[in-house]
Amino acid sequence: MAVFYRRQKSIWNEFLTFAAVCLAAPLAAMATTGTATIALLGLWLLNTLFFSSAIFTVKLRKPKKARSLFPGLVYHGIATLIVLGLWYVGWLPGLAAIAFGIVLLKFGFILWNLEWYKAAAMKNVALVETLSHRENLNL
87 MAVFYRRQKS
97 IWNEFLTFAA
107 VCLAAPLAAM
117 ATTGTATIAL
127 LGLWLLNTLF
137 FSSAIFTVKL
147 RKPKKARSLF
157 PGLVYHGIAT
167 LIVLGLWYVG
177 WLPGLAAIAF
187 GIVLLKFGFI
197 LWNLEWYKAA
207 AMKNVALVET
217 LSHRENLNL
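Residue numbers (this note's numbering): 87 to 225.
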């Protein structure tokens with residue numbers, strides 16, 4: 087609705103959109119197997135955190151005003167703590183938790199090459215996002 091009225095989407099709205107899209111996988115697993123496990127909840131949270139990281143990287147490209155790195159740093163720090171917590175309580179297998187490292191590597195790459203990232207053609211930005219998401223699927 088916000089897009090329809092040409093209003094800027096808030097970070098919270100974008101996060102909820104990613105969460106809703108990522109919910110499709112556990113719902114499909116529950117429909118297929120007929121069971122719901124706590125691991126499905128953990129994987130849903132992991133996927134939501136993984137794909138929502140793009141909110142903070144893509145926003146760094148907006149030329150309107152100088153974008154602060156602070157929201158992205160806070161998000162990735164909190165997301166990392168959540169993933170570690172999910173692993174610690176047994177909601178995520180170790181390999182799945184390690185897969186979140188790809189997001190941290192992507193974010194680090196973007197911070198390291200921030201000026202290039204801001205000026206890069208959109209196809210190159212899409213390539214960085216696609217490759218990081220593809221590597222998550224390979225794990």
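In this text, a Cβ means the ideal position worked out from N, Cα and C, and glycines have one as well.
For residue j and residue i, believed in contact at Cβ under 8 Å, the rounded distance
i, j, result
"residue 190", "residue 129", "Rounded, the Cβ-Cβ distance is 18 Å, inconsistent with contact."
"residue 122", "residue 116", "5 Å"
"residue 173", "residue 163", "Contact flag wrong, Cβ pair sits at about 16 Å."
Backbone secondary structure at residue i - three-state DSSP
i, result
"residue 109", "coil"
"residue 175", "coil"
"residue 210", "helix"
"residue 195", "helix"
"residue 229", "The structure shown does not extend to residue 229, since the chain is modelled only from 87 to 225, so the question has no answer here."
"residue 92", "Only weak support exists for where residue 92 lies, its pLDDT of 48 falling under 50; the coordinates are left without a value."
"residue 101", "helix"
"residue 122", "coil"
"residue 186", "coil"
Short Cβ contact (8 Å threshold) for residue i with residue j
i, j, result
"residue 127", "residue 182", "no"
"residue 147", "residue 211", "yes"
"residue 218", "residue 188", "yes"
"residue 104", "residue 137", "yes"
"residue 169", "residue 186", "yes"
Best match in the options for proximity to residue i [C-alpha to C-alpha]
i, options, result
"residue 102", "110, 134, 114, 113", "134"
"residue 98", "141, 120, 124", "141"
"residue 139", "206, 115, 159", "159"
"residue 194", "171, 122, 143, 111", "143"
"residue 196", "145, 108, 168, 169", "145"
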